[in-house]
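Colleague:
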Amino acid sequence: MYGAGDVRVEEVPDAKLEQPTDALVRVVTACICGSDLHPYHSMPASEAGSPMGHEFIGVVEETGSDVSTLQRGDLVIAPFAWSDNTCEFCREGLHTSCRNGGFWAVGGIGGGQAEAIRVPLADGTLVKAPVGEDSALLPSLLTLSDVFLTGHHAAVQARVDVRTTVTVIGDGAVGLSAVLAAKRLGAERIILMGRHTDRTDLGREFGATDVVAERGDAGVERVRELTGGDGTHTVLECVGHMPAYEQAVGVVRAGGVISRVGVPQYEKAPVGFGSLFGRNITLTGGPAPVRAYIEELLPEVLDGCIEPGKVFDRTVDLAGVPDGYRAMDAREALKVLVRP
Ligand SMILES: [Zn+2]
């Protein structure tokens with residue numbers, strides 16, 4: 007990406023091993039993230055450009071001399087943050103704060119929207135999936151890189167269970183994933199706030215019991231009507247813009263939890279007596295440590311219990327990636343799968 011709206015496909019030097027802990031992975035499938043649309047809107051023009059993509063599944067082609075758990079030919083899922091999986095933060099399940107880890111497409115690490123990529127700390131980062139690269143499960147497995155487990159993180163941080171009513175704000179792929187995650191954790195009442203009927207229909211299929219198309223004050227009022235005036239115990243905010251935060255404050259029940267996984271596009275927000283404090287509201291959320299969740303959720307994807315890959319509604323090759331950004335930005339596509 008060279009700036010807002012400026013995505014190009016280019017020949018770059020081949021990815022290669024640099025550290026003994028690296029693996030070289032050929033990308034089998036990647037995708038475009040809703041969070042990739044933030045720089046697509048606002049990135050200042052840059053001569054150097056930035057590689058893109060942080061969700062991918064690939065096949066290990068080569069391993070460094072210190073890599074012991076992977077071999078050539080393994081099909082692997084890459085979390086959107088790479089990590090050693092051994093430091094104290096990783097052991098606490100917070101791989102996004104790994105002492106030795108980092109993120110794709112920054113600091114000389116490549117992006118996943120590519121033919122191949124160097125994976126640092128490969129033993130800690132990658133998770134093997136026991137399927138072939140032609141498996142029909144790949145789209146659902148790919149959601150374990152980010153989108154489904156980001157929705158799962160929102161629900162886990164909010165402490166969603168059979169006891170809690172849930173509002174999900176946002177009908178993008180993360181919001182729909184949060185619906186599926188809340189349902190899986192036992193929530194019986196899930197109100198989805200979104201206004202694109204084709205998307206909210208998938209939300210209903212994933213477990214939403216109510217859909218509220220209104221936004222702002224009207225949306226808040228509608229959720230309160232649906233909940234006897236109180237709002238819901240948990241609110242999963244999957245957008246990241248200020249109006250979504252304000253909506254979350256408006257629909258959360260006293261004593262409830264607002265859990266944010268949409269990357270906030272603001273630094274200042276109401277947290278005072280009239281918004282959070284006076285009603286004992288907990289504010290939580292952040293980047294999902296997906297590496298901590300993959301092994302738990304992988305079996306349910308493999309046996310078809312859950313099909314989070316239904317969020318993909320368009321597939322492009324590498325040449326089609328710029329148009330994939332355009333289509334997601336124009337909301338013609340919910341989430342775009344990339345097959346290099
Ligand atoms: Zn770590």
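The numbering of the sequence shown is this note's numbering, which starts it at 7 and goes up by one. Glycine included, C-beta positions come from ideal geometry on N, C-alpha and C. Here the structure is a predicted model, which means the values were calculated and not measured.
Report all residues from its chain with a CB closer than 6 Å to the CB of Phe212; omit the five preceding and five following residues, and keep chain order.
Modeller: Cβ neighbours of Phe212 beyond the five flanking positions: Leu182, Val185, Leu186.
Colleague: Output the boundary residues of the beta strand (DSSP E) element that contains Gly237.
Modeller: Gly237 -> no beta strand (DSSP E), and no H or E assigned at all.
Colleague: Secondary structure at Ile196, three-state DSSP: helix, strand or coil?
Modeller: Strand, per DSSP.
Colleague: Any idea if His47 is buried or exposed, counting beta-carbon neighbours within 10 angstroms, 16 or more meaning buried?
Modeller: So His47 counts as exposed.
Colleague: Given this structure, state the Cα-to-Cα distance separating Lys341 from Asp204, to the nearest angstrom.
Modeller: C-alpha separation (whole angstroms): 13 Å.
Colleague: What residue does the alpha helix (DSSP H) around Cys37 start on, and which one ends it?
Modeller: Counting along the chain, Cys37 falls outside any alpha helix (DSSP H), though it belongs to the beta strand (DSSP E) covering 29–37.
Colleague: Inspect the beta-carbon positions of Gly118 and Ala36 and report whether they are closer than 8 Å.
Modeller: Cβ distance < 8 Å, so Gly118 and Ala36 count as in contact.
Colleague: Is there a Cβ of chain C sitting closer than 8 Å to that of Thr69, yes or no?
Modeller: Absent from the structure is chain C; it holds one protein chain and no more.
Colleague: Is Arg266 helix, strand or coil by DSSP?
Modeller: Strand at Arg266.
Colleague: Look at the alpha carbon of Thr428 and the alpha carbon of Phe109, and state the distance between them as a whole number of angstroms.
Modeller: Residue coverage of the chain in this structure runs from 7 to 346, which leaves residue 428 outside it and unanswerable.
Colleague: Work out the CA separation of Val172 and Ala214 for me, nearest whole Å.
Modeller: Roughly 9 Å between the two C-alpha positions.
Colleague: Pull up the CB-CB distance for Thr27 and Ala120, whole angstroms please, since I reckon it's below 8 Å.
Modeller: About 20 Å; that fails the 8 Å criterion.
Colleague: Which residues does DSSP pair with Val258 in a beta bridge?
Modeller: In DSSP, Val258 forms a bridge with Thr238.
Colleague: For Glu121, which three-state DSSP category applies?
Modeller: In this structure, Glu121 counts as coil in the three-state DSSP scheme.
Colleague: Rounded to whole angstroms, what's the CA-CA distance from Val255 to Ser281? Just pull it up for me.
Modeller: C-alpha separation (whole angstroms): 6 Å.
Colleague: Do you know how far the Cα of Leu198 is from the Cα of Arg228?
Modeller: The alpha-carbon atoms of Arg228 and Leu198 are separated by roughly 11 Å.
Colleague: Which residues does DSSP list as the beta-bridge partners of Glu68?
Modeller: Answer is Leu30.
Colleague: Our contact map puts Leu144 next to Ile63 with C-beta atoms below 8 Å; I'd like the distance itself, whole angstroms only.
Modeller: 6 Å between Cβ atoms; contact.
Colleague: Does DSSP classify Leu143 as helix, strand or coil?
Modeller: DSSP places Leu143 in coil when its eight states are reduced to three.
Colleague: Does the Cβ-Cβ distance between Gly200 and Asp167 come in under 8 Å?
Modeller: No, these two residues do not count as a Cβ contact at 8 Å.
Colleague: In the DSSP assignment, the alpha helix (DSSP H) including Gly291 goes from what residue to what residue?
Modeller: Per DSSP, Gly291 belongs to no alpha helix (DSSP H); it is in the beta strand (DSSP E), 288–291.
Colleague: Could you tell me how far apart the beta carbons of Val296 and Ser146 are, in whole angstroms, since I believe they sit closer than 8 Å?
Modeller: With 8 Å as the limit, Val296 and Ser146 do not qualify as a contact, their Cβ atoms being about 14 Å apart.
Colleague: Would you decide whether Pro19 is buried or exposed? Buried here means 16 or more other CB atoms lie within 10 Å of its CB.
Modeller: Counting Cβ neighbours within 10 Å, Pro19 comes out exposed, since fewer than 16 surround it.
Colleague: Hey, is Asp90 close to ligand 1, as in C-beta under 7 Å from one of its heavy atoms?
Modeller: Result yes, Cβ under 7 Å from ligand 1.
Colleague: By how many angstroms is the C-alpha of Leu30 removed from the C-alpha of Val125?
Modeller: The alpha-carbon atoms of Val125 and Leu30 are separated by roughly 6 Å.
Colleague: Specify, as a first and last residue, the run of the beta strand (DSSP E) that Asp216 falls within.
Modeller: Start and end: 216–218.
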